[in-house]
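A.B. asks:
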Amino acid sequence: MLPVFEQNAGFIWTIYAIGAVVPAGLFVYALIRARMAKRRLDRLQAEREQG
Amino acid sequence: MIRAFANPHRFMALSRWLAPACLAVGALLMVWSAWQGLWVVPQDDYQGGDIMRAMFIHVPSAWLAMASYMGLAATSLIWFVWRHELADMAAKSIAPLGAAYTALCLATGSIWGKPTWGTWWLWDDARMMSVLVMFFLFLGYMALRAAMETRQKAARAGAILAMVGAVNVPLIKFSVDIWSSIHQDASVLRLDGPAMPPVYLTPLLIGGLAHMIFFAGLTMMLMRAEVWGRRGDVLIARKLSGS
Amino acid sequence: MRSPSPLRAAFRQALGEAWAGGAGVLLPIGFFAGAAMLVPFTVGSEASQLSSIGTGILWVALALASLVSMERVFQADLEDGVLELWAQEETPLFLVAAAKIIAHWLVSGLPLVLLTPPIGIALQVDPGALVPAMLAYGLGGLAFFLWGGVAGALAASVARGGLLISLLALPLFVPTAIFGALATIEGPGGPSLLFLSATTLFALSIAPFAASAALRLAVD
Numbered sequence: 001m002l003p004v005f006e007q008n009a010g011f012i013w014t015i016y017a018i019g020a021v022v023p024a025g026l027f028v029y030a031l032i033r034a035r036m037a038k039r040r041l042d043r044l045q046a047e048r049e050q051g
Numbered sequence: 052m053i054r055a056f057a058n059p060h061r062f063m064a065l066s067r068w069l070a071p072a073c074l075a076v077g078a079l080l081m082v083w084s085a086w087q088g089l090w091v092v093p094q095d096d097y098q099g100g101d102i103m104r105a106m107f108i109h110v111p112s113a114w115l116a117m118a119s120y121m122g123l124a125a126t127s128l129i130w131f132v133w134r135h136e137l138a139d140m141a142a143k144s145i146a147p148l149g150a151a152y153t154a155l156c157l158a159t160g161s162i163w164g165k166p167t168w169g170t171w172w173l174w175d176d177a178r179m180m181s182v183l184v185m186f187f188l189f190l191g192y193m194a195l196r197a198a199m200e201t202r203q204k205a206a207r208a209g210a211i212l213a214m215v216g217a218v219n220v221p222l223i224k225f226s227v228d229i230w231s232s233i234h235q236d237a238s239v240l241r242l243d244g245p246a247m248p249p250v251y252l253t254p255l256l257i258g259g260l261a262h263m264i265f266f267a268g269l270t271m272m273l274m275r276a277e278v279w280g281r282r283g284d285v286l287i288a289r290k291l292s293g294s
Numbered sequence: 295m296r297s298p299s300p301l302r303a304a305f306r307q308a309l310g311e312a313w314a315g316g317a318g319v320l321l322p323i324g325f326f327a328g329a330a331m332l333v334p335f336t337v338g339s340e341a342s343q344l345s346s347i348g349t350g351i352l353w354v355a356l357a358l359a360s361l362v363s364m365e366r367v368f369q370a371d372l373e374d375g376v377l378e379l380w381a382q383e384e385t386p387l388f389l390v391a392a393a394k395i396i397a398h399w400l401v402s403g404l405p406l407v408l409l410t411p412p413i414g415i416a417l418q419v420d421p422g423a424l425v426p427a428m429l430a431y432g433l434g435g436l437a438f439f440l441w442g443g444v445a446g447a448l449a450a451s452v453a454r455g456g457l458l459i460s461l462l463a464l465p466l467f468v469p470t471a472i473f474g475a476l477a478t479i480e481g482p483g484g485p486s487l488l489f490l491s492a493t494t495l496f497a498l499s500i501a502p503f504a505a506s507a508a509l510r511l512a513v514d
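If you want it as C-alpha cells, here you go:
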C-alpha cells in the first residue's frame, strides 16, 4: 500500500518519480549507445571479412 | 585491477561483468533506500514533516554531482599526464551522466524548496548555487568536446577545461558560501544542523552509495560503447586507406 | 632583419588590431553603455531601486563586454597563421598569450572601468562610492579578461565560437563577480577587495598557461 502523506504528497511523489526516471533514463541511454556501437562494429567487421 | 583501467582489452573483459553487477547492485540499493524513505522512516516535524523524505533522493544526487565532477577532473588529469586512452573515454562518459545528476539535484532541490521555503528557487542557498555553476561546467565541457574537429583535439581541449574548472571549483564554492552567508536568513533549513539519527542517516548513506555504484556501472557502459566506437573507426580508416 | 621580441610584437599587434578595427574598440564600450542604459527601461526608473542594483548591473555589463570581442582575439591569429609562428618561437607561448590578453584588456576593458562613474551616475549610484569602486572593477575586469582569454583560446578553432566562449567562461567568472560586487559595496576597507585581488592573482597565474596549452592544440 502506498503511504499517505498528510501534506506535500505531490511534491514528495514527484521527487521520487524523478529520482527513479533519471537513473532509468540514463540506463536506457547508455544501453542504446552501447548497442549501437556494438552493432556498428559487428557490421564493419563483417564487411571486412567479406571484402 | 589498476591495469584493467589502463589496458582496453582488460577493461572490456572486466567491465563485461562488473558493469551489469554495479547496475544491479546500485538499483537494488536505490530501491531499498527509496523504500526506507517512503515507508519506513518516521515523519519528522522538526525538519518539516514528510517533505524531508525528499532528502533521500536530493542529497545523494548532490553528492553524485560533486563526485562526478571530481571524477571528470581526475580522469582528465590522468589522461593529460599518462595519455591512457581509457582515462579520456572515462572523462567523456562521465560528463553527460554528471550533467544529468546535477540537473536531478537542481530539480529535486527546487521541488523540495517550494513547500519548505515557499519558493521554487532560493538564490541564497550556497549549495544550490554551486551545483548550478557545476551544471554549466558540465555543459561547457560537453559543448567544447563536441565542437572540436578531431577526437585528439577534443580530448586535449576537454582535459584543459576540466582541469581549469577543477581548480576553480573550490574557489567558486568558497565565494558562493561567503555570498550566501551574507544574504541568508536564519530561517533556511540546514540539513546537517542537529546530528542525524541513524534511522535517517543509514538510508541516506546507502542511497548515496547506491547511486554511486549505479553511476559507475553507467560510466562503464558508456566507456564500452566508446571502445567499440573507436574500434569501428579504426576499421573504417583501414577501409578508406585500402588495406 | 631580426624581428623584435615576439612578446612585444604580440602586444603591439593585439593593440593595433583592436584600434585598427575601429569599431573593435568601440564595440565593448558600446555594449557596456548600451546594456547599462537598457536597465532603467527594464527594471523601472525609480531611483532607490536603480541605485541598489546599479553596481551589480555594471559588473554584469563588464563581464559580458569582456566576452563580446573575445572571439577574434585568438581566432584571427589562428587563421592568419601567426599563431603557428608564435608557437615555434623561443619565447614561451604562455607569455605571448598573457601579452595578448593584457593588450585586449587595456583596449577593451580598461576604458569600461574608466566609464563606470558616468554610467553609474546615470544608474543613480552614489558617485562618491564609484571612484574607489573603480579599483574593484579594474581588478575584476582583468580577471574576466583572463578567464575569457582561456575560453577564447579553447574555442579558437571553432567557427562562430562566441556562444561557446561565453558558456565556458561564465562559470569561471562567478568568484570574481561575487567578490567584486561585495568589494564595490564595502569599499576599500573591507576584506572583499583582498579576496578579489586574490582571485585575480589566481587567474593571472593559471590563465596564461591554460590559454597557451589551448593555443598549442589549436595550432597542431
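So the protein lines, in turn, are chains H, L and G. 1 is the number of the first residue of the first sequence in my numbering; add one for each residue after it. 52 is the number of the first residue of the second sequence in my numbering; add one for each residue after it. 295 is the number of the first residue of the third sequence in my numbering; add one for each residue after it. Glycine included, C-beta positions come from ideal geometry on N, C-alpha and C.
(1) Would you call G/L408 buried or exposed, if buried means 16 or more other Cβ atoms sit within 10 Å of its Cβ?
(2) May I ask you to report which of helix, strand or coil DSSP gives G/P411?
(3) Start and end of the alpha helix (DSSP H) containing L/M106?
(4) First and last residue of the alpha helix (DSSP H) that includes L/M263?
(5) Could you tell me whether any Cβ in chain L is nearer than 7 Å to the Cβ of H/A30?
(6) Hey, quick one: how far does the alpha helix (DSSP H) through G/E340 stretch, first residue to last?
(7) Starting from the C-beta of L/I102, find all residues in its chain whose C-beta is less than 8 Å away, skip the five residues before and the five after it, and write them out in chain order.
(8) For G/I351, I'd like the list of residues in its chain whose CB is within less than 7 Å of its CB, leaving aside the five on either flank, ordered along the chain.
(9) Are the C-beta of G/V337 and some C-beta of chain L separated by less than 7 Å?
(10) Does the beta-carbon distance from L/G100 to L/Q94 come in below 7 Å?
(11) Rounded to a whole number of angstroms, what is the C-alpha to C-alpha distance between L/D236 and G/W441?
(12) Do G/A447 and G/F368 have their beta-carbon atoms positioned less than 7 Å apart in this structure?
(13) Scan the stretch 413 to 442 of chain G for residues whose Cβ lies nearer than 7 Å to a Cβ of chain L and list them as they occur along the chain.
(14) By the criterion of Cβ-Cβ separation under 9 Å, what are the contact partners of H/Q7 in chain L?
(15) Quick one, which residues of the stretch 277 to 288 of chain L are near chain H if we go by CB-CB under 7 Å, in chain order?
(16) Going along chain H in order, which residues have a C-beta closer than 7 Å to the C-beta of L/R275?
(17) Have a look at H/V22 and L/L155 and give me their C-alpha separation to the nearest angstrom.
(18) Can you give the Cα-Cα distance for G/V444 and L/A206, rounded to whole angstroms?
(19) If we ignore side chains and look at the alpha-carbon of each, how far apart do L/S292 and H/R35 end up?
(20) Could you give the distance in angstroms between the alpha-carbon of H/Y16 and the alpha-carbon of G/S506?
(21) Answer yes or no: does any C-beta atom of chain H fall closer than 7 Å to that of L/T223?
(22) For L/W68, is the classification buried or exposed, using 16 other Cβ atoms within 10 angstroms of its Cβ as the cut-off for buried?
(23) Taking 7 Å as the CB-CB limit, is H/A37 close to chain L?
(24) Just checking, does the stretch 142 to 150 of chain L make contact with the stretch 282 to 292 of chain L on the three C-beta pairs under 8 Å criterion?
(25) Mind checking if L/L188 is an interface residue toward chain G, Cβ cutoff 7 Å exclusive?
(26) Closest by CA to L/L137, which one among L/T270, L/L74 and L/L148?
(27) CB G/H398 to CB G/A497, shorter than 7 Å?
(28) I need the straight-line Cα distance from G/S486 to L/A177, nearest angstrom please.
(29) Are the beta-carbon atoms of L/G209 and L/P111 separated by less than 7 Å?
(30) What is the residue span of the alpha helix (DSSP H) that G/E383 lies within?
(31) By the DSSP assignment, the alpha helix (DSSP H) with L/M140 in it spans what residues?
(32) Considering just the uninterrupted stretch of the alpha helix (DSSP H) at G/R454, what are its terminal residues?
(33) Short of 6 Å in beta carbon distance, which residues of its chain neighbour L/G216, apart from the five on each side in sequence? Order them along the chain.
(34) Is L/V239 helix, strand or coil by DSSP?
(35) Exposed or buried, which one is G/S360 when buried takes at least 16 other CB atoms within 10 Å?
(36) Taking L/A57 as part of the alpha helix (DSSP H), name the residues at either end of that continuous run.
C.D. replies: Walking through what the data contain:
(1) Numbered from its first residue, the third sequence carries residue 408 of chain G at position 114. Result: exposed.
(2) Your numbering for residue 411 of chain G matches position 117 in the third sequence. Helix, per DSSP.
(3) As a first step, residue 106 of chain L is located in the second sequence; it is residue number 55 there, counting from the start. Per DSSP, L/M106 belongs to the alpha helix (DSSP H) from M106 to W133.
(4) Walking along the second sequence from the start, residue 263 of chain L turns up at place 212. P249 to S292 is the span of the alpha helix (DSSP H), which, as asked, contains L/M263.
(5) Working through the first sequence from its first residue, we reach residue 30 of chain H at position 30. Yes, H/A30 lies at the interface with chain L (some Cβ there is under 7 Å from its Cβ).
(6) Position 46 of the third sequence holds residue 340 of chain G. That residue, G/E340, is in no alpha helix (DSSP H); it is neither H nor E in DSSP.
(7) As a first step, residue 102 of chain L is located in the second sequence; it is residue number 51 there, counting from the start. For L/I102, where only same-chain residues beyond five positions count, the Cβ hits under 8 Å are W163, P166 and T167.
(8) Against the third sequence, residue 351 of chain G aligns to sequence position 57. Correct list, in chain order: A330, V333 and L417.
(9) Along the third sequence, read from residue 1 onward, the residue named residue 337 of chain G stands at position 43. No, because no Cβ of chain L sits closer than 7 Å to the Cβ of G/V337.
(10) Within the second sequence, residue 100 of chain L is the residue found at index 49, counting from 1. Within the second sequence, residue 94 of chain L is the residue found at index 43, counting from 1. In this structure, L/Q94 lies closer than 7 Å to L/G100 by Cβ.
(11) In the second sequence, counting from the first residue as 1, residue 236 of chain L sits at position 185. In the third sequence, counting from the first residue as 1, residue 441 of chain G sits at position 147. Reliability fails at L/D236, whose pLDDT of 48 lies under 50, so the model's placement of it is uncertain and no value is given.
(12) Residue numbering aside, residue 368 of chain G sits at position 74 when the third sequence is read from its first letter. Residue numbering aside, residue 447 of chain G sits at position 153 when the third sequence is read from its first letter. Yes, Cβ-Cβ distance for G/F368 and G/A447 is below 7 Å.
(13) none
(14) Here residue 7 of chain H refers to the residue found at position 7 of the first sequence. Result: G100, D101, I102 and P166.
(15) W279, G280, R282, G283, L286 and I287
(16) Start at 1 with the first residue of the second sequence, and residue 275 of chain L comes out as number 224. By Cβ distance, chain H contributes A34.
(17) Counted from its first residue, the first sequence places residue 22 of chain H at position 22. Counted from its first residue, the second sequence places residue 155 of chain L at position 104. About 7 Å.
(18) Indexing the third sequence from 1 puts residue 444 of chain G at position 150. Indexing the second sequence from 1 puts residue 206 of chain L at position 155. Straight-line Cα distance between these residues: approximately 16 Å.
(19) As a working note, residue 292 of chain L is residue 241 in the second sequence. As a working note, residue 35 of chain H is residue 35 in the first sequence. Taking the straight line from one Cα to the other gives about 27 Å.
(20) Translated into positions along the first sequence, residue 16 of chain H becomes position 16. Translated into positions along the third sequence, residue 506 of chain G becomes position 212. Distance between the alpha carbons of H/Y16 and G/S506 is about 46 Å.
(21) Position 172 of the second sequence, counted from the start, is the residue given in the question as residue 223 of chain L. Looking at the sequence shown, residue 223 of chain L is not Thr but Ile. Not closer than 7 Å to any Cβ of chain H, the Cβ of L/I223 fails to qualify, so no.
(22) For the purposes of this step, residue 68 of chain L is taken as the residue at position 17 of the second sequence. With fewer than 16 other Cβ atoms within 10 Å, it is exposed.
(23) As a working mapping, residue 37 of chain H is identified with position 37 in the first sequence. With 7 Å as the cut-off, H/A37 counts as an interface residue toward chain L.
(24) no
(25) Counting from 1 along the second sequence, the entry for residue 188 of chain L is found at position 137. So yes, L/L188 belongs to the interface.
(26) Residue 137 of chain L sits at position 86 when you count from the first residue of the second sequence. The candidate whose alpha carbon is nearest that of L/L137 is L/T270.
(27) Taking the first residue of the third sequence as 1, we reach residue 398 of chain G at position 104. Taking the first residue of the third sequence as 1, we reach residue 497 of chain G at position 203. No.
(28) What you label residue 486 of chain G is simply residue 192 of the third sequence in a count that begins at 1. What you label residue 177 of chain L is simply residue 126 of the second sequence in a count that begins at 1. Each residue's alpha carbon lies about 17 Å from the other.
(29) By 1-based counting over the second sequence, the position of residue 209 of chain L is 158. By 1-based counting over the second sequence, the position of residue 111 of chain L is 60. No, these two residues do not count as a Cβ contact at 7 Å.
(30) Stepping through the third sequence from its first residue, residue 383 of chain G is reached at position 89. It is not in any alpha helix (DSSP H) - G/E383 carries neither H nor E in the DSSP assignment.
(31) Against the second sequence, residue 140 of chain L aligns to sequence position 89. From DSSP, the alpha helix (DSSP H) with L/M140 extends over E136 to W168.
(32) Taking the third sequence and counting its residues from 1, the one referred to as residue 454 of chain G is at position 160. Looking at the DSSP string, G/R454 is not in any alpha helix (DSSP H), and its letter there is neither H nor E.
(33) By 1-based counting over the second sequence, the position of residue 216 of chain L is 165. Cβ neighbours of L/G216 beyond the five flanking positions: L188.
(34) Within the second sequence, the letter at position 188 stands for residue 239 of chain L. Here L/V239 scores only 42 on pLDDT, less than 50, and its place in the model is too uncertain to base an answer on.
(35) Counting from 1 along the third sequence, the entry for residue 360 of chain G is found at position 66. Classification for G/S360: buried.
(36) Here the question's residue 57 of chain L lines up with position 6 in the second sequence. Unbroken run through L/A57: none, as it is neither H nor E.
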